[in-house]
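To keep things clear, I will list the structure first and then write my remarks on it.
Numbering (the numbering used here), first residue to last: 1 to 654.
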């Protein structure tokens, strides 16, 4: 039953605000004078008129959205997101809506940005409104009004929902993840290449919502030891921690730290769906090589409350990664703890060391299961039903898998640049050789962990970190990376974004930013530095070169890449080139997420169906050479020369 305050009635129209991510504050009928030469409500301002602007609506309403943290001591000026429903008093009525208190978004709406709508029942899929909206900006430039026409459906019981852009609420996420769990539970594991999937609650938000953590890998090199239940985390005692993996690095991907940036959820979903594909060889290789730790919604309270940028206390959570508080920023506290835990290869951080631990060189009892090991010792654990099914593999299959694993580990040192940085000695040997090891004991297990401290970047348990975002002003899909004085580190950082531009038509490599200024710039809105963002803080915590923010414009891009054919498709089967950038939809964003898969494998020449041989670069080495040339041109270019120009010059030379 909806609260009365969540339903607003005005002139027979009912406005709905009683659902996740809605944020309507007030509605008023616009009373138009009987005789007027001009629109009486329009002052001297900037405007953008549409072709239907002369149509006379049956009625007109002014709508106010809620600020982030509306009505609390933390209320702030973020007012870009809107989401509400409306049921008309008259079927087929022509109605004009003016959302009168938005943040200034002239650039985006002048480039064709449109709100989205759906009708329940009837038109259940979100799409952009059909008539171009108009906007006005007052003389002070502070009040931005967005106006659009709404034609009520013929069904008098139908509710039309409108949103700033394609929504994806906390409720949508929970329903989505439940459907995946049901689907995964129905699958039988028949080989070590099958999907290892586990969902758990890492921590509860300030308002008690789940911070979901998803683990995905294959059954290659899985151990019988489970990950630790870190202090102050994992509150659901009935949810067991996932198993640890030997000799597999972690890829950590998160989304929705800014609640209104819904494109990040669709990118996340595209990548998640790709990873869960049992048939695609690229997905199979990704699961063989890596363990994926995925956090789909870092700010669930902000999402549920209909905020655009902040949490429920008015904090930009993407500025507190350097020192998050368990009390004030629990979700970021949990994310940082997890990142540190995986960086140290499942080693407990200082504050989580157990009080009864003792110093010394204890024996590491971590048991590793590779493809050739018997899995009979797992039968005792009733929670490892899926692992038991791996025994259905034939002995020949197991021996073959074992041979492949040892061949990968035995590659000559000269080829290490093209291999995932997950190889090396196993955890047992590392622990035994450490002079600063501690034995951690619990009621279930005893094992040795390497002493806490900053690990060299090559020894990190992490391989890649990406935080997914949406972007209002800069067009296209692009990445922010960190700045490095060393040329090799710079090329390493630039490589994944460049590969994304080869695997996705809408990725803008020339819009990527790897400058030092972009690591420390102060936001005008909140006065906080990007040094506290996930991308920069993870680098400072771990030394990880591949630490990125991926940004997607809400509306469109400025270019479209020509995508080469995959190796197995043949050189003549390239994608049909589209010269005009499309309007971005959830499908476009999901394709960006799916393109992360082959791009990650291209980093190490492990992509079985790569586009690189059919590209102008011919190989991974060719891409690196191109980037080095661009880097040298950058060093020798006069001040002020843009990355776009540098890359263009290098490409012409190439």
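Even for Gly, the Cβ is constructed at its ideal location relative to N, Cα and C.
A quick note: this is a predicted structure, and the numbers were derived from the prediction, not measured.
Name the one or two DSSP bridge partners that residue 134 has.
147
Can you tell me the Cα-Cα spacing of residue 129 and residue 116, whole angstroms?
5 Å
Taking just the CA atoms, how far does residue 134 sit from residue 114?
Their backbone Cα atoms lie some 10 Å apart in a straight line.
Tell me whether residue 453 sits in a helix, a strand or coil according to DSSP, three-state version.
Confidence at residue 453 is low in this model, with a pLDDT of 35, below 50, so the placement of that residue should be treated as unreliable; the coordinate-derived value is given next. Coil, per DSSP.
In chain order, what residues of the same chain have a beta carbon less than 8 Å from the beta carbon of residue 10, not counting five sequence neighbours either side?
These residues qualify, in order along the chain: 27, 28, 29 and 61.
Should the segment 281-295 be regarded as contacting the segment 246-260, the criterion being three or more beta carbon pairs within less than 8 Å?
yes
My assumption, with CB atoms under 8 Å, is that residue 300 sits in contact with residue 217. Please give the rounded CB distance.
Not really, about 25 Å apart at Cβ, beyond 8 Å.
Suppose the cutoff is 8 Å on Cβ atoms and the five residues either side in sequence are ignored; what does the same chain contact list for residue 170 look like?
Short of 8 Å from the beta carbon of residue 170, and not among the five residues preceding or following it, lie these beta carbons of its own chain, in chain order: 20, 21, 209, 297, 300, 303 and 304.
Which ranges would you report for the beta strand (DSSP E) in the segment 520-573 if only whole runs of at least 3 residues count?
547-553
How long is the line joining the alpha carbons of residue 186 and residue 589, rounded to whole angstroms?
Spanning the alpha carbons of residue 186 and residue 589 requires a straight line of approximately 28 Å.
Using only the alpha-carbon positions, how far apart do residue 138 and residue 537 sit?
39 Å
Tell me, to the nearest whole angstrom, how far the beta carbon of residue 496 is from that of residue 601; I am working on the premise that it is less than 8 Å.
Actually they do not touch by this definition, with Cβ atoms about 11 Å apart.
Taking only runs that begin and end inside the segment 146-224, name each unbroken alpha helix (DSSP H) of 4 or more residues, in chain order.
Here the runs fully enclosed are 170-185.
Mind reading off the beta-carbon distance from residue 191 to residue 534? Whole number of angstroms is fine, and I expect it under 8 Å.
No, residue 191 and residue 534 are not in contact; Cβ-Cβ is about 35 Å, not under 8 Å.
I'd like to check one pair, residue 166 with residue 16: are the Cβ atoms closer than 9 Å?
Taking 9 Å as the cut-off, the Cβ atoms of residue 16 and residue 166 do not count as close.
Give me the Cα-Cα distance between residue 599 and residue 546, rounded to the nearest whole angstrom.
13 Å
Sorted by chain position, which residues of the same chain lie with C-beta nearer than 6 Å to residue 200's C-beta, five sequence neighbours on each side aside?
213 and 239
In angstroms with no decimal places, state the Cα-to-Cα distance between residue 561 and residue 515.
Using only the alpha carbons, I get a separation of about 24 Å.
Could you check where the beta strand (DSSP E) with residue 245 kicks off and where it finishes?
243-245
In terms of residue numbering, what span does the beta strand (DSSP E) encompassing residue 98 cover?
Run containing residue 98: 94-102, per the beta strand (DSSP E) assignment.
Could you tell me if residue 72 is buried or exposed, where buried requires 16 or more neighbouring beta carbons within 10 angstroms of its beta carbon?
exposed
Taking contact to mean 3 or more Cβ pairs, one atom from each stretch, closer than 8 Å, check whether the segment 458-468 and the segment 518-529 are in contact.
no
So, under 8 Å CB-CB, residue 470 and residue 312 are touching, yes? Tell me the CB distance rounded to an integer number of Å.
With a Cβ gap of about 20 Å, residue 470 and residue 312 do not count as contacting.
Is it true that the segment 552-569 meets the segment 470-488, where meeting means three or more beta-carbon pairs spaced less than 8 Å apart?
yes
With a threshold of 16 other CB atoms inside 10 Å of the CB of residue 96, please say whether the residue is buried or exposed.
When all chains shown are included, residue 96 counts as buried.
Express the C-alpha separation of residue 607 and residue 241 in angstroms, rounding to a whole number.
30 Å
Who pairs with residue 252 in a beta bridge, going by DSSP?
293 and 465
From residue 559 to residue 112, what does the alpha carbon distance come to, in whole angstroms?
15 Å
Use the C-beta contact count for residue 122: other C-beta atoms within 10 angstroms, 16 or more gives buried, fewer gives exposed.
exposed
What did DSSP end up calling residue 125 once you bin it into helix, strand or coil?
Here residue 125 sits in coil by DSSP.
Who are the near neighbours of residue 591 in its chain, counting only those whose CB is closer than 7 Å to its CB and skipping five residues on each side?
For residue 591, the CB contacts under 7 Å within the same chain, skipping 5 residues up- and downstream, are 270 and 504 in chain order.
Would you give the residue range spanned by the alpha helix (DSSP H) that residue 338 belongs to?
330-343
Please name the residue, chosen from 478, 540 and 501, that lies closest to residue 484 on a Cα-to-Cα basis.
540
Counting beta carbon pairs with one atom in the segment 275-290 and one in the segment 312-327, are three or more of them shorter than 8 Å?
no
Hey, how far is the Cα of residue 543 from the Cα of residue 493?
12 Å
In angstroms with no decimal places, state the Cα-to-Cα distance between residue 486 and residue 635.
12 Å
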